[in-house]
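Heads up: the structure comes next, in structure tokens.
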Amino acid sequence: MPDGTTTPIPKGNEAREAIDALRGYVYQIYQSALAWIELQPEEILFLEVAEDYAVIVADALNAVQVKETGHNVTINSGDVVASIDSFVVLRLKNPELQVRLRHLTTSRIGKEKSAEYRIGDAPTLETWRKLAKTGDLAPLRKILDASKLSKQTKNYIRELDDTEFREEFLKRIHFDCGALDSKFLMRQLRSRLSQLVRERGGADSQVDGCLDSMLMTLLRKATQKEERFVDRNTLEKLVENATHIPVNRAQFEEQNRLIIKALSAAPQASNLITTRLMAPSPIDEVPLPAAIASRTIQIDSIVSSLTQYGVSWIFGAAGVGKTLGARIAARRLGGKWAGVNLRGLDAEQVNALLSDAIDRLTEQKIDGFLVDDLECPFEPHLIDVLLYLRAVCDRTDLLLLFTSPRSPDSDFLFSANLPASIGQKLEEFSEQDIREILTGLGVDPKNWAKYIHLVSGGGHPQLAIAVIQSMQTTGWDMNEIRTMKSLLGGNAAMEQVRARTRERLLNELPEGARRLLERLSLKVGGFRRGFVLDMAQITPTVPDGGIVLDRLIGPWVDQQERDRFALSPLLSNLAANTLTDEQKRKINFEIATSLVKGRKLDPIEANSALIAALSGKNDWAIIFLCSGVFMADQNVLKMIAPHLMMFTLMRTDAFAYKDDPAISQIFRGAQLLLICQEEERKEKVQKVIECFDAETKRVEHQAKKTSMIPLPVYISLLLMKPKFCALPKFWNLVFKMDELLENQEKPLPLELSGKMPAQEINGISLVGFLFMNQAMQIRLIDELLPVFEFLDSCGERLRRKLLDPYANSDPYKRDLVDAMDMLVSGAWLSEHKANTIDLPRHPAVYARLEEYARSWDHADLAVCCRRCRAVILDEYGGDKDRALVVQDEGLERYGETNSVLVKAKASILYRADGHQGSLDLLKTLIDGNASLNEIDKAFLGRDAAITAENARRLRNSEALLPL
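Quick note on the working numbering: the sequence shown kicks off at 1211 and runs consecutively.
Shown next as structure tokens:
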């Protein structure tokens, strides 16, 4: 050694020396040359000391067994067992040195035939490498104890604890079986040598000559029986010979003078750019935030991928916490990690930086390497660098973790033989994630988690953290939630984040990409590729819009499905801060046109289309969207109503579309149809109806004639069966519709004409049919009263139309009384089910209804009202006597043989055990040939038989009483 000290030579197993076994010498020499370059100044590399080569230093020794065989190797293969035994021998004979062994072969790892010698279905030699990083060591200990290893080796392993077993045994023995092919091995060797040559003042053109000298030196050393070692000094001499030539001092000084003279005459450069590539830096220098979302499922997946494959790939849009997720995963695994940040670099810059980082990896004692913010496109030469990086990390036992806006490239996965499952997408925070952060900060998440999730655009991590920091500053003031200030008026902290994002766009993206993002930011919700191409055609056009989109996918555009994309919430108000009002109006006009050009109403896009159409003043698009609602049948309306929130939530205290009253009226009509399918409160529907009427009057006032648009709207409304049952004041809609039908001045627009049914259905007027449809949905007895008040006030002609469906006429013979009963009994039965019958209010209501019916000379309807009144008094009030009085008064008023009242009185007597009186009344109906349909006659006969049997039993019971 230069300082005169002697480096101890390791004692090896001479029986395993293989000086003459040069069959795999090329592979062996490449590996030996790489190990030679990696020597530190005080290290020595020994060749073929019982192994292919051994590296010895004062505190470390590496040994490699190189084989080039044609068979697969397993844990019990002879050469594998011999290499492991040799490692233990070297370690025991040289306790003062650290020994490392690499078993190199072109053979591939095979799977052991017996399950006893493997863990699960994976080959044990592959499992060895995974367990060298992390995992349960007990199964592998059991396999080695049952293997063909020597007794000395097994005893050595048993004496190691788990930490020593992993650090001093598993990590120091590598089985490089077909893993690192010649391409990457030669590339790594040349790269390391090139760095060394440049550091010594040489040029890249001198690397090949230096490498030839190294290989020839190693070949000569490998064939010698003594002095089979090289050191750093020998390497330095070879590099010096390759990079320097002897020059006479006088000649040197003369050449130097000429160079200085030439440089002084040349013009000075105006700018000198120096690129300095930084070495990978520790990733744990920046502490984790005080409170974080653990994202257990995602982090577990990342850790699992690193454990199983040695590599994981975290991807997602800008600001979703990819780097933080990587640091959490690294901390979970432990060890020392270093990383490089590639944000804003193009493919060429990334290539240079990663190549430099690879050269520096072996100089750092680390356990994992993070490649952060890999944003550039995956060009072929970059894929090659990534494969090279992965191969080097495998060779040096480093975990490899990527963060990128894009998912792992398929070419990279295929070439590296990795599954797509190494990719883990990070997305928006869930409410549970926000609760976890708030709990960590000591804040009760009950009220705040949902609000912060909403304000931050659905939980965008960067925006959510900004909101949390803002709330901390204000002391978590509950007025924020009460007033929804950040949601309605904006949040300063979020705007600062978005402002920084705009600066980043200006610095990193070309003008065309920025212009396209501005246009996309005006659309609410996701979008498809065809929409992006339409936006690119807006003047000024964005050439190659599809290619620009592909480059934006990842950091700024999230690909949710094959043809479904969404803009990052960081850009949600980009255009609001970069475009004029007129520019935004024109773009919104084109957005609406693009979304509706397919001539189909897509519920997913309809909201966005309506917003854009209103903002861009696109009259045609608004009419198209409303027409789609008008033309939809009831089932379709029920399906789409929950999705068309921009229709249903439109405010009612102002005109919907000020620029055109007719369009505003059409919009209100569509809103009314949708809100009746979705709303559960009549009050809200009534407000929209009133607003629609106001819009209609505005149109008629301007046009000086009646508008026909309400007609199809009224028809659709009256055909509905809303959640809240009958429409509020539906009789007013019936009245208005009748007036329009009677005084129709002009045909409907073509888009709405197909919505009009015939004015008569099976002999029943359309008006009467629609009235009946709504009346059947009345669920409160009190609501019958305004219906009868309307019938009383509407005039004889319309009243006959409305009561016509309940009449006995061809082509269907309906029982007059039963049909009339439908009008008044539905509300009673509904209140019966709800247990809301109210005495004495409800009998009084039916009494008033009866008087209205009598005033119209509608005896059958009046009879139904009286029957309902008597039944309520008897069955709900328990007042039999009063109920019988009501029935007797009715029989006197409407005839002693009125079947409805006779049956009702018989029922009252039957309930009071007056079976004989009930039977006498039923016999009167049967013997009197009352006007009954066949079904009623059958039920009447059944009731008479049951009543007769009960009367007979009663007489028998009375006969037994004296006994």
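Cβ atoms here follow ideal geometry from the backbone N, Cα and C, with glycine treated the same way.
C-beta contact flag for arginine 2010 and leucine 2001 at 8 Å: What you label residue 2010 is simply residue 800 of the sequence shown in a count that begins at 1. What you label residue 2001 is simply residue 791 of the sequence shown in a count that begins at 1. Cβ distance not < 8 Å, so arginine 2010 and leucine 2001 don't count as in contact.
Glutamine 1416 beta carbon less than 8 Å from that of alanine 1452: To locate residue 1452, count along the sequence shown from 1; it is residue 242. To locate residue 1416, count along the sequence shown from 1; it is residue 206. Taking 8 Å as the Cβ cut-off, alanine 1452 and glutamine 1416 qualify as a contacting pair.
Cβ-Cβ distance between lysine 1794 and leucine 1732 below 8 Å: What you label residue 1794 is simply residue 584 of the sequence shown in a count that begins at 1. What you label residue 1732 is simply residue 522 of the sequence shown in a count that begins at 1. Contact flag set, yes.
Host beta strand (DSSP E) of phenylalanine 1579 (start-end): Residue numbering aside, residue 1579 sits at position 369 when the sequence shown is read from its first letter. 1578-1582 is the extent of the beta strand (DSSP E) around phenylalanine 1579.
Residue environment, histidine 1281, which counts as buried when at least 16 other CB atoms sit within 10 Å: Reading the sequence shown from its first residue, position 71 is the one you call residue 1281. That one is exposed.
Every unbroken alpha helix (DSSP H) within the region 2082-2123, with a cutoff of 4 residues, ordered by chain: 2090-2104 and 2109-2121
As assigned by DSSP and simplified to three states, the class of aspartate 1441: For the purposes of this step, residue 1441 is taken as residue 231 along the sequence shown, with counting starting at 1. In this structure, aspartate 1441 counts as strand in the three-state DSSP scheme.
Where isoleucine 1662 sits in the DSSP three-state scheme: Reading the sequence shown from its first residue, position 452 is the one you call residue 1662. Of the three classes helix, strand and coil, the one that applies to isoleucine 1662 here is helix, per DSSP.
Burial state of threonine 1284 (16 or more Cβ within 10 Å): On the sequence shown, residue 1284 is found 74 positions in, with the first residue counted as 1. Classification of threonine 1284: buried, given that the 10 Å Cβ count is 16 or more.
Local conformation of lysine 1343 per DSSP, three classes: Sequence index remark: in the sequence shown, residue 1343 carries index 133 (1-based). Coil at lysine 1343, not helix or strand.
Pick from Asp1604, Gly1554 and Gln1559 that is closest to leucine 1571, judged by C-alpha positions: By 1-based counting over the sequence shown, the position of residue 1571 is 361. It is Asp1604 whose Cα lies nearest to the Cα of leucine 1571.
Start-end ranges of the beta strand (DSSP E) lying completely within the region 1750-1789, minimum 3 residues: 1767-1771 and 1774-1777
Delimiting residues of the beta strand (DSSP E) encompassing glutamine 1634: Working through the sequence shown from its first residue, we reach residue 1634 at position 424. Residues 1633-1635.
DSSP-derived helix/strand/coil call for isoleucine 1678: Along the sequence shown, read from residue 1 onward, the residue named residue 1678 stands at position 468. Here isoleucine 1678 sits in helix by DSSP.
Length of the line joining the Cα atoms of isoleucine 1576 and glycine 1544: As a first step, residue 1576 must be located in the sequence shown, where it is residue number 366. As a first step, residue 1544 must be located in the sequence shown, where it is residue number 334. Taking the straight line from one Cα to the other gives about 11 Å.
Residue environment, serine 1620, which counts as buried when at least 16 other CB atoms sit within 10 Å: Position 410 of the sequence shown holds residue 1620. The residue in question, serine 1620, is exposed, as its Cβ has fewer than 16 Cβ neighbours within 10 Å.
Cut-off 6 Å between Cβ atoms - residues of its own chain near glycine 1160, not counting five sequence neighbours on either side: In this structure the chain extends from 1211 to 2173, so residue 1160 is not present and cannot be described.
Beta-carbon spacing of tyrosine 2056, arginine 2079 below 8 Å: Taking the sequence shown and counting its residues from 1, the one referred to as residue 2056 is at position 846. Taking the sequence shown and counting its residues from 1, the one referred to as residue 2079 is at position 869. A contact, by the Cβ cut-off of 8 Å.
Sheet register partners of phenylalanine 1612 (DSSP bridge): Your numbering for residue 1612 matches position 402 in the sequence shown. Looking at the DSSP assignment, phenylalanine 1612 forms a beta bridge with Trp1523 and Val1581.
Beta-bridge partners of asparagine 1551, as assigned by DSSP: As a position in the sequence shown, residue 1551 is number 341, starting the count at 1. Per DSSP, Asp1582.
Check whether leucine 1580 and glycine 1549 have beta carbons under 8 Å apart: Counting from one through the sequence shown, the residue named residue 1580 turns up at place 370. Counting from one through the sequence shown, the residue named residue 1549 turns up at place 339. Contact: yes.
C-alpha distance - lysine 1340 paired with aspartate 1607, whole-angstrom precision: To locate residue 1340, count along the sequence shown from 1; it is residue 130. To locate residue 1607, count along the sequence shown from 1; it is residue 397. Spanning the two alpha carbons is a distance of roughly 9 Å.
Residues sharing a beta bridge with alanine 1332, DSSP: Residue 1332 sits at position 122 when you count from the first residue of the sequence shown. According to DSSP, which records beta bridges pairwise, alanine 1332 is partnered with Ile1329.
Straight-line gap, aspartate 1599 to isoleucine 1568 (C-alpha atoms, nearest Å): Within the sequence shown, numbered from 1, the residue matching residue 1599 stands at position 389. Within the sequence shown, numbered from 1, the residue matching residue 1568 stands at position 358. A quick correction: the sequence has leucine, not aspartate, at residue 1599. Taking the straight line from one Cα to the other gives about 6 Å.
Given isoleucine 1247 as reference, the closest of Gln1398, Glu1369 and Leu1347 once Cα atoms are compared: Within the sequence shown, numbered from 1, the residue matching residue 1247 stands at position 37. Ranking Gln1398, Glu1369 and Leu1347 by Cα distance to isoleucine 1247 puts Gln1398 first.
The ligand FAD heavy atom lying under 7 Å from the CB of alanine 1501: With respect to the ligand FAD, the structure offers nothing, as it holds no ligand at all.
CB of alanine 1676 within 8 Å of CB of valine 1707, strictly: Residue 1676 sits at position 466 when you count from the first residue of the sequence shown. Residue 1707 sits at position 497 when you count from the first residue of the sequence shown. Going by C-beta atoms, alanine 1676 is nearer than 8 Å to valine 1707.
Aspartate 2070 burial status per 10 Å Cβ neighbour count (16 or more: buried): Looking up residue 2070 in the sequence shown gives position 860. So aspartate 2070 counts as buried.
Selection from Arg2076, Glu1450 and Leu1847 that minimises the alpha carbon distance to leucine 2111: Along the sequence shown, one-based indexing puts residue 2111 at 901. Considering only alpha carbons, the answer is Arg2076.
Beta carbon of leucine 1994 nearer than 8 Å to that of leucine 2059: Along the sequence shown, read from residue 1 onward, the residue named residue 1994 stands at position 784. Along the sequence shown, read from residue 1 onward, the residue named residue 2059 stands at position 849. Yes.
Backbone CA spacing between histidine 1670 and valine 1767 [nearest angstrom]: Stepping through the sequence shown from its first residue, residue 1670 is reached at position 460. Stepping through the sequence shown from its first residue, residue 1767 is reached at position 557. Answer to the nearest angstrom: the Cα atoms are 13 Å apart.
Nonlocal neighbours in the same chain, by C-beta distance under 7 Å from proline 1349, ignoring five residues either side: The residue given as residue 1349 occupies position 139 in the sequence shown. Counting only Cβ-Cβ distances below 7 Å, and skipping sequence neighbours, we find Ile1329.
Inter-stretch contact (C-beta, 8 Å, three-pair minimum) for the region 1721-1728 and the region 1527-1542: no
Spatial distance of isoleucine 1662 from threonine 1533 (CA atoms): Looking up residue 1662 in the sequence shown gives position 452. Looking up residue 1533 in the sequence shown gives position 323. Each residue's alpha carbon lies about 22 Å from the other.
Proximity below 8 Å, CB of phenylalanine 1945 to CB of cysteine 2004: As a working note, residue 1945 is residue 735 in the sequence shown. As a working note, residue 2004 is residue 794 in the sequence shown. Contact flag set, yes.
Cβ pair count under 8 Å reaching 3, the region 1887-1898 against the region 1912-1924: no
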